[in-house]
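Just remember that the working numbering sits 971 ahead of the position in the sequence shown, which is counted from 1.
Here the structure comes first, spelled out in structure tokens, and everything after it is commentary.
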Amino acid sequence: MASVGYTYEVSLNLLRDRDGLPPREPAELSFLHVNHDDVIAIVERIRGSSGLGPDPAAAVAVGLKLLSEVMVREKTNALFDPLRGAMREFIIKLKNLPAPGA
């Protein structure tokens, strides 16, 4: 079955614990995610328009796109019901941010 969208490998590697120490054993997480949008282009757009620093902007963009895509695919799952209205409102606000230099 062909995917409908962009396929990403999402990886998370623990570099330091809350005390600033490296992990005793490697702590890694990796999974595949299909998204109907070009998440990398969205990261760049949010970096340029949100007023956030590069890393926080990337975290917001990636987190938002991961969660919102799952919500779209799981539209009948009541788990997401409390988030739907606020998520829609936030995405609209984000999309309406002026482009850099505008």
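Don't be surprised by glycine CBs; every beta carbon is placed ideally from N, CA and C.
For residue i, which residues of its own chain have a beta-carbon under 6 angstroms away from its beta-carbon, when the five flanking residues on both sides are left out?
i     : result
L1065 : none
I'd like the span of the beta strand (DSSP E) that includes residue i, first residue to last.
i    : result
V981 : 977-984
E996 : That residue, E996, is in no beta strand (DSSP E); it is neither H nor E in DSSP.
Would residue i and residue j be called neighbours here (beta carbons separated by less than 8 angstroms)?
i     : j     : result
V1005 : V1033 : no
N1000 : L983  : One detail in the question is off: residue 1000 reads as Leu in this sequence, not Asn. A contact, by the Cβ cut-off of 8 angstroms.
L1068 : S1021 : yes
Can you have a look at residue i and say buried or exposed, based on whether 16 or more other CB atoms are within 10 angstroms of its CB?
i     : result
I1017 : buried
K1036 : buried
V1043 : exposed
G1028 : Here the sequence assigns Ala to residue 1028, which means Gly is not the residue at that position. So A1028 counts as buried.
Residue range of the alpha helix (DSSP H) that residue i falls in?
i     : result
D1052 : 1052-1066
K1036 : 1025-1044
G1022 : Note, G1022: premise wrong, no alpha helix (DSSP H); not H, not E.
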